[in-house]
Amino acid sequence: MRIVLFSLFILLTLSNQAQYWQRAYDNHGNTDIMSKIIETANHHFVIAASSTVPAHYGYGFDGYVFATDFNGDTLWTKTIGSMIIGAQNDFLNDVIEDQDHNLVFTGVAKQGFQENKLWFAKFQLNATGTQVSSITEKKYGASNSGGAKIIQNPDGTYFIVGYTTSMGTQQGGSDV
5 MRIVLFSLFI
15 LLTLSNQAQY
25 WQRAYDNHGN
35 TDIMSKIIET
45 ANHHFVIAAS
55 STVPAHYGYG
65 FDGYVFATDF
75 NGDTLWTKTI
85 GSMIIGAQND
95 FLNDVIEDQD
105 HNLVFTGVAK
115 QGFQENKLWF
125 AKFQLNATGT
135 QVSSITEKKY
145 GASNSGGAKI
155 IQNPDGTYFI
165 VGYTTSMGTQ
175 QGGSDV
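Residue numbers (the numbering used here): 5 to 180.
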């Protein structure tokens with residue numbers, strides 16, 4: 005039997021393409037999948053990922069978020085999702101820093117045992133961005149929905165694009 009575990013790998017280069025640093029990040033030996041990396045106004049890097057988590061009924065994925073300073077040193081990590089009810093798969097697909105310097109995420113999360121929902125999460129950070137002070141999560145949409153990309157509009161609202169299989173004629177599968 006062969007077990008393959010994936011870690012997250014980040015390489016920072018300078019403007020002349022010279023390597024500044026590289027690091028592999030591992031969430032306690034779990035399989036980790038990175039979706040997005042951004043640089044914040046504090047010059048930290050925030051990584052939206054998903055990581056396997058053992059559950060009562062096997063393994064599934066939860067959202068996994070961490071921040072590093074400019075040198076790649078980890079500032080904080082957070083795991084969010086629905087693993088408390090069994091082997092479910094929750095994936096973070098996108099992250100932005102909003103006008104108030106909150107981190108805002110979208111993806112897909114389980115709601116109950118059968119339904120995927122569009123997932124919206126917001127992390128409020130302290131003034132220096134070195135700690136998460138609160139987390140807000142909401143799930144939207146009909147069954148089998150998910151968020152792919154998020155932007156913030158000038159008026160402060162958010163616009164999320166994603167998919168659903170619960171509306172329309174479904175002749176091709178998913179709708180946007």
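Where is the CB? At the ideal position from N, CA and C, for every residue including glycine.
Alpha-carbon to alpha-carbon, residue j and residue i
i: valine 108; j: glutamate 43; result: 13 Å
i: serine 137; j: phenylalanine 70; result: 14 Å
i: leucine 18; j: alanine 28; result: 18 Å
i: aspartate 102; j: glutamine 156; result: 6 Å
i: glutamine 128; j: tyrosine 63; result: 29 Å
i: asparagine 148; j: alanine 131; result: 37 Å
i: alanine 22; j: glutamate 119; result: 46 Å
i: aspartate 159; j: tyrosine 24; result: 38 Å
i: aspartate 104; j: asparagine 31; result: 29 Å
i: lysine 114; j: threonine 83; result: 15 Å
i: leucine 12; j: asparagine 20; result: 24 Å
i: alanine 146; j: threonine 35; result: 29 Å
i: valine 112; j: valine 50; result: 19 Å
i: glutamine 135; j: glutamine 92; result: 27 Å
Own chain, CB closer than 6 Å to residue i, minus 5 neighbours either side, in chain order
i: isoleucine 164; result: Thr110, Gly151, Ile154
i: threonine 81; result: Phe70
i: glutamate 141; result: Ala125
i: isoleucine 14; result: Arg27
i: threonine 161; result: none
i: glycine 85; result: Asp66, Gly67, Asp94
i: isoleucine 139; result: Phe127
i: phenylalanine 74; result: His47
Per DSSP, the bridge partner or partners of residue i
i: tyrosine 68; result: Ala53, Thr83
i: asparagine 120; result: Lys114
i: aspartate 2; result: Beyond the ends of the chain as shown, which are 5 and 180, falls residue 2; an answer cannot be given.
i: phenylalanine 13; result: Ala28
i: glycine 151; result: Gly166
i: leucine 129; result: Val136
i: glutamine 23; result: Thr17
i: threonine 78; result: Thr72
i: asparagine 93; result: Phe65
i: glutamine 156; result: Tyr162
i: aspartate 36; result: Ser55
Proximal residues to residue i (C-beta, below 7 Å), its chain only, five neighbours per side dropped
i: alanine 52; result: Ser39, Lys40, Val69, Leu96, Asp98, Val99, Phe109
i: tyrosine 144; result: Lys121, Leu122, Phe124
i: alanine 45; result: Glu101, His105
Rounded Cβ spacing between residue i and residue j (contact assumed at less than 8 Å)
i: glycine 67; j: leucine 16; result: The Cβ separation is near 24 Å, so there is no contact.
i: glycine 133; j: histidine 48; result: 5 Å
Neighbourhood of residue i by C-beta, 8 Å cutoff - its chain only, sequence neighbours within 5 removed
i: threonine 78; result: Tyr29, Phe70, Ala71, Thr72
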